[in-house]
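Undergrad: What follows is a structure written as structure tokens; I'll ask about it next.
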Amino acid sequence: MTVWEEVRDLIGTGDAFKVAARVADLDDAGRREVALELPGHIQEAREEVARRLRERGKEYDRIRLARGEAYKRFARERGVSEREIHRRWAETLGWGGDMEGTWEGPKNNREYYRAFPSTFDADAWIDPMRVAGAGTLPGAAAVVAWLNRRDFERRHRSADLVEPVLQAVATRPAEWQADLAVRLALRVRVRRGGWEGDPRDRNLPLTLALLGRTGATPPEHDPLVVAWAGTPPTAERLREDPLLDVLLPRLFQAQGVGRALREERADPLAAESWLGALHTLAAEGRVSREALLEGCVGRFLRGGGATDLRFFARLHELLEPTPAEVASRARDYLRLLPTAPGPVAELSFRHLRHLDSLSGDDAADLDPDDVSEALSGLLFRAESGLVRAGLAWLDRLLQREPERADELSPALASALGHEAPAVQERAVRLLVGHAAAFGPLGAEAVRDASGQLPAGLSNRLVAVFGGDLQEEPEPEPEPEEPFVPAEIPGPPPATVFPVPRTPQQVAALFGKKDWAEAEGFLGGFVRLAAGDPTGLRDALAARSERPPTQGDWTSPECWGAAIVAEFVDPGAEPLEPGSGVGLPTDVRPESPSESTSESLSESPWTRLPGRDEVCAPEWLVLRRHAEILVALKEGVLPPLLLATPTLSTGHLDPVELVARIEELERAGVEPLPADLAQALLRLPRGADPVAVARAAALTSAAGRETARWLAGNGLPDPVVTVRRFCSPGAKPDWRLAEDPAGHWLDEREPKEPLQAWQTLAVASITPSDCTPTDITPSDCPDEEAGRSAGEQAVRAAASLIAGLLVSPPRFLEEGRGHHGRLIGWWPGVMPSHREVIAAHMVPLRYRSDWTGGLVDGPRLTDLACARGPVGQATALLLVERLAPSMSVYRRRAVQYLLATGDLPAARMGTEFGERIRRSWLSISRLQAIMEDAVCVGTHREAWAMIAAALPGLLAVSGGRPPKELVDFLAFARRVARRAKATGEIPEVTAVARRKGSTQVIRECRALRDLLSAP
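Mapping of the sequence shown onto our numbering: position 668 corresponds to residue 674, and the numbering continues sequentially without gaps.
Next comes the structure, spelled out in structure tokens:
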């Protein structure tokens, strides 16, 4: 076997370390032989790895299918339902779930790991090939070219191995290795890593290792320094870095370092960061503190933008220069005042001002000429805060040396023309206080500049320096913009609910997914099943289909198929037992015998999903379908359904409901429980005297219950509240993965700022105090057994209604259950209590498997068209959908609520303010939403939102207020004027009472005065 054949076989094993050990022992002839064959072997090595991966993939599929069959047999032998089998199989990626510890899961399955093809194995040939070339190619330039071949680009960009390359070149001469290190260093380029662990440059790890091993001096190459700085160190790693003493001074010289480190924070100071490591090493003396300060100041003097200098400014402040260290560099700091970026100029000014204020042994004599020159340049800056601070220092300088007044008059004159009123005010106060120090030339310069000032400030200077007084104009009222309000479209008028009258019309609606068409099918089917069974059976025979035989039936289509199949050919399709987890309590026996258990296992009730598998409104929809199928099988189907709506909104006319109950009483038939519950929930709000009087004559239990509802104006509105649960350490996708640990946000604020994904809005529903006490069924089986069938139906209906008034779960895991699949039905379930429906929607806001979700579907519009009070839940849904953008459905929902006067403006404003306070929403986005509302003439509602949002907005202005806050306050004042708003906003008043004259304070004062005007 030749040397090349040995190396080729080692490359085929994918073990780069074995390749390195072999090529390191080769003589010159062996290296030449291998180097000659390597380029031609690249394609062969790549194809060999691809062939092995294909074989492993086939083996993986074989093992997976075999395990699948074995798992299903195992589960079926233990009585596990098919639905549970599929669920467990899906949750474990097709490798089966743990069945009471007797089934080996994937974590313990060695066969699984051996057969599973790793996606990174496709690159297994690259490192051995690179190592072989590094150890055999003759020149350092050839090795650098080999290591950087495009053929060696990885599919997944995992890092190249370094140790095998070092081992392969270890026997080369030291000069050759140093030459290789320098050449590799010059090939380093800075690129942005795409993911965690992605190297900035593939040459960097090997370059740093070779430079450290050989002791070669790194070349002057800025990308090398930037790449070296791109990996945040710890003090321990940096202390032992052999390149620290050489590369650290270049950290302050290389272009791009500051931008690469711009995100490092000094508060809190991270241990794994340049700031943290340098601070520790400077305290230990490993790194010269003097060199760091000198490097920072030198970097400031070389110039650059605020972003480029941010890291060096933070490092400078972290070192906390002493007065002596500042004094030794005072001239440099003074040079920075006129032109350095704002943060650098501020820190320079702060240290110089502190130095100037010292006395005794700590005092330092600053050159007055240098100070006056620097301050003169400072007054030309745009930053009002810096200019006002400079004026304060000039004030002190003139107190000590009044003879410099004329010298400084041109700079002071420039301050009079500053765009910030606060600067003008401070400059006028300084000039008036030192007027006696100015000579004729200085006074003339002041008089010439005073014309730029407002009349009030100009006249104060004229009174001291002379000149012509300006007439102070009376304040003019802000001009009213011409406005023609647009017509706000209201919700579409309710139309008569279409109910099919013929068998053909009923058959045409079979299988429809739209809730109105499905409701029409149910109502028409039950009517014609009693009135024209033969015609209906003939019309449905061609459409009959077999319902699913496995799992729970979680859609009306499944139940509809079962209803039609049973009606067309009764008993032809025996029902296989379901899971029974959704068996209603009113049909579950207290002490089931063997016969009753067997009959229930064959009942359609067992096909109902568990209550935790679907949302509460959906369970009522499925429960209605189930009871219709059960009644059909048992031959007790009533001649009509009570709950079929009479209006397209889902409402049911009270008089029509009474008439239907009268028809059932004449037939001697009791209504179905879920049908009765749904009918009561669809009653409109308010009393109907005709229906109340007519219902008083009803004699059945359902009739008496209906009469009670009509006399009491229906279901009392429950109390819906929304609280925020927070999990400060949560990751962005936690709402879709697992129920996290945390606490309620209204109980305590977390120490660190919260991201939007770290909070979860949780809705709760509390039945009203005036809700009848018998809304829930009795727990006493003897009491229930003594009731008549009609009374039991009423009690069951009450229990179903109570189920809708239970708070939804705070967390719904992605992929679990069937929540929200029937959300199109929800507004029709409780058309007079939309806030309850909104509360049930809250947990579904982030589920990607939510069919017809709120994000793009018409669900907000459905809520707006419903009736009933709106509150926190509706406001939350509206704000969350309006915050990102305004779609046609979102705008339509707001318009409908505006037209009916139901928009929860104040609650929405509070939610907007909270989001802005926590930096989850920009002020400019809120202003755009408010402007959209103002454009259609809804000034009062817009003002209600603005007034409720202002406390949250002003809470973010504790530091330097953003300009968009000033713009929003001016906009708020215009809206308040149009809305003729009055009343104090405490947060606005508090800001207005602050000292100073910033734009935010001035706007708050103007708004406060407007709201308090008689």
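All residues carry an ideal CB built from backbone N, CA and C; glycine is no exception.
Everything numeric in this text was worked out from a predicted model, so none of it was measured.
Is Thr727 helix, strand or coil when you go by DSSP?
TA: Reduced to three states, the DSSP call for Thr727 is strand.
Undergrad: Suppose contacts are defined by Cβ-Cβ distances below 9 Å. Is Ala428 in contact with Arg394 by that definition?
TA: Yes, they are a contact pair.
Undergrad: Between the Cα of Leu172 and the Cα atoms of Val434, Phe23 and Asp373, which residue gives the shortest distance?
TA: It is Phe23.
Undergrad: Please go through the segment 376 to 407 and give each complete beta strand (DSSP E) segment of 3 or more residues, from N-terminal end onward.
TA: Listed in chain order, nothing qualifies, since the segment 376 to 407 has no complete beta strand (DSSP E) run of 3 or more residues.
Undergrad: What do you reckon, are the CB atoms on Gly526 and Leu515 nearer than 9 Å?
TA: The answer is yes: Cβ separation under 9 Å.
Undergrad: If you follow the alpha helix (DSSP H) that Ser1018 is in, where does it begin and where does it stop?
TA: Gln1005 to Ser1018 is the extent of the alpha helix (DSSP H) around Ser1018.
Undergrad: Going by beta carbon distance, what residues of the same chain come within less than 8 Å of Leu626, once the five residues before and after it are set aside?
TA: Closer than 8 Å at Cβ, skipping near neighbours: Ala680, Ala683, Gln684, Leu806, Gly809, Leu810 and Val835.
Undergrad: His749 bridges to which residues according to DSSP?
TA: Cys732.
Undergrad: Can the beta-carbon of Phe306 be found less than 9 Å from the beta-carbon of Ala346?
TA: Yes, these two residues count as a Cβ contact at 9 Å.
Undergrad: Determine which residues share a DSSP beta bridge with Ser770 and list them.
TA: In the DSSP output, where bridge partners are listed per residue, Ser770 has Thr727.
Undergrad: Could you pull the DSSP bridge partners for Leu653 from this structure?
TA: According to DSSP, Leu653 bridges with Val502.
Undergrad: Using the three-state DSSP reduction, which class does Thr995 fall into: helix, strand or coil?
TA: Correct three-state label for Thr995: helix.
Undergrad: Which one of Gln764, Ala769 and Cys732 has the shortest CA to CA distance from Glu753?
TA: The candidate whose alpha carbon is nearest that of Glu753 is Cys732.
Undergrad: Tell me where the alpha helix (DSSP H) around Leu257 begins and ends.
TA: Here the alpha helix (DSSP H) through Leu257 covers Leu250 to Leu257.
Undergrad: So the alpha helix (DSSP H) Phe318 belongs to, where does it begin and stop?
TA: Unbroken alpha helix (DSSP H) run through Phe318: Ala312 to Leu325.
Undergrad: Measure from the alpha carbon of Trp611 to the alpha carbon of each residue in Glu633, Ala283 and Leu59, then state which is nearest.
TA: For the residues Glu633, Ala283 and Leu59, the minimum Cα distance to Trp611 belongs to Glu633.
Undergrad: Indicate whether the contact test is met: 3 or more Cβ pairs, each with one atom in the segment 370 to 389 and one in the segment 413 to 430, closer than 8 Å.
TA: Because the criterion of three Cβ pairs below 8 Å is met, the segment 370 to 389 and the segment 413 to 430 touch.
Undergrad: Nearest-angstrom Cα distance between Pro837 and His846?
TA: Near 14 Å, if we compare the C-alpha coordinates of His846 and Pro837.
Undergrad: If you follow the alpha helix (DSSP H) that Ala235 is part of, which residue opens it and which one closes it?
TA: Note, Ala235: alpha helix (DSSP H), Asp228 to Ala235.
Undergrad: From the DSSP output, in three-state form, read off Thr765 for me.
TA: Of the three classes helix, strand and coil, the one that applies to Thr765 here is strand, per DSSP.
Undergrad: Rounded to the nearest angstrom, how far is the Cβ of Ala146 from that of Arg189, given a contact under 8 Å?
TA: Between Arg189 and Ala146 the Cβ distance is about 5 Å, and since that is below 8 Å, they are a contact.
Undergrad: Within this structure, are the beta carbons of Ala1095 and Ala799 separated by less than 9 Å?
TA: Shown here, the chain extends from 7 to 1020; a query on residue 1095 therefore has no answer.
Undergrad: Ordered along the chain, which non-local residues of its own chain (more than five positions away) have a Cβ less than 6 Å from that of Ala1032?
TA: Residue 1032 is absent from the model: the chain starts at 7 and stops at 1020.
Undergrad: Does Glu1043 pass the burial test, meaning 16 or more other C-beta atoms within 10 Å, or should it be called exposed?
TA: Beyond the ends of the chain as shown, which are 7 and 1020, falls residue 1043; an answer cannot be given.
Undergrad: Could you pull out every residue in the same chain whose Cβ sits closer than 7 Å to the Cβ of Ser1018, ignoring the five residues on either side in sequence?
TA: Cβ neighbours of Ser1018 beyond the five flanking positions: Glu990.
Undergrad: Excluding sequence positions up to five away, which residues of its chain have a Cβ less than 6 Å from the Cβ of Ser464?
TA: Here the set comprises Ser456 and Gln476.
Undergrad: What are the start and end residues of the alpha helix (DSSP H) that includes Asn465?
TA: First-last of the alpha helix (DSSP H) with Asn465: Ala461 to Phe471.
Undergrad: Reducing DSSP to helix, strand and coil, say where Leu436 ends up.
TA: Three-state DSSP puts Leu436 in a helix.
Undergrad: Taking the straight line between their C-alpha atoms, what separation do you get for Val876 and Met936?
TA: Cα to Cα, Val876 sits roughly 20 Å from Met936.
Undergrad: To the nearest angstrom, how far is the alpha carbon of Asp21 from that of Asp157?
TA: Looking at the two C-alpha atoms, the distance is approximately 19 Å.
Undergrad: At a cut-off of 8 Å, is Val675 close to the ligand ADP when judged by its beta-carbon and the heavy atoms of the ligand?
TA: Ligands in the displayed structure: none, and consequently the ligand ADP is not present.
Undergrad: Looking at C-alpha atoms only, which residue of Val842, Lys757, Gly796 and Gln764 is the closest neighbour of Pro773?
TA: Among Val842, Lys757, Gly796 and Gln764, the Cα nearest to that of Pro773 is on Val842.
Undergrad: The alpha helix (DSSP H) spanning Lys64 covers which residue range?
TA: First-last of the alpha helix (DSSP H) with Lys64: Ile48 to Glu83.
Undergrad: Are three or more beta carbon pairs between the segment 255 to 271 and the segment 302 to 317 nearer than 8 Å?
TA: Output reads yes: the segment 302 to 317 touches the segment 255 to 271.
Undergrad: Tell me the rounded alpha-carbon separation between Val620 and His824.
TA: Cα-Cα distance, rounded: 5 Å.
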